[in-house]
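Asker: Read in numbering that gives the first Met the number 0, the sequence shown has 62 at position 63, and its numbers run on one by one without any break. Dropping the structure in here first, questions after.
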Amino acid sequence: MSPHKIVIWIMTGIGGAVGLFAPVGVVKWLLESEPEDAGILTFFFLPVWCLLVVIGLLVGRRLGVALVGIRRAA
Numbered sequence: 000m001s002p003h004k005i006v007i008w009i010m011t012g013i014g015g016a017v018g019l020f021a022p023v024g025v026v027k028w029l030l031e032s033e034p035e036d037a038g039i040l041t042f043f044f045l046p047v048w049c050l051l052v053v054i055g056l057l058v059g060r061r062l063g064v065a066l067v068g069i070r071r072a073a
């Protein structure tokens, strides 16, 4: 595996992790402020959370490609 691919995969993983763990604070806040409504709000927040993970993966991949300096991902 070339070093370019490794950097792109690492940046993609970091972007996905940020997208996965960033909304944890919002869910924690919901549980503390509105515990009776937190269940249904978290249920409706799940598609948004999935969208944030996908966006994080895409942004991480784009940053990895920009960091490596190639026009197209390997």
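Even for Gly, the Cβ is constructed at its ideal location relative to N, Cα and C.
Give me the residue from T11, I54 and F42 with the minimum Cα distance to V25.
Answerer: Ranking T11, I54 and F42 by Cα distance to V25 puts F42 first.
Asker: Suppose the cutoff is 8 Å on Cβ atoms and the five residues either side in sequence are ignored; what does the same chain contact list for W8 look like?
Answerer: G63
Asker: If we count the other Cβ atoms within 10 Å of its Cβ and call it buried at 16 or more, is G68 buried or exposed?
Answerer: exposed
Asker: Could you tell me if V52 is buried or exposed, where buried requires 16 or more neighbouring beta carbons within 10 angstroms of its beta carbon?
Answerer: buried
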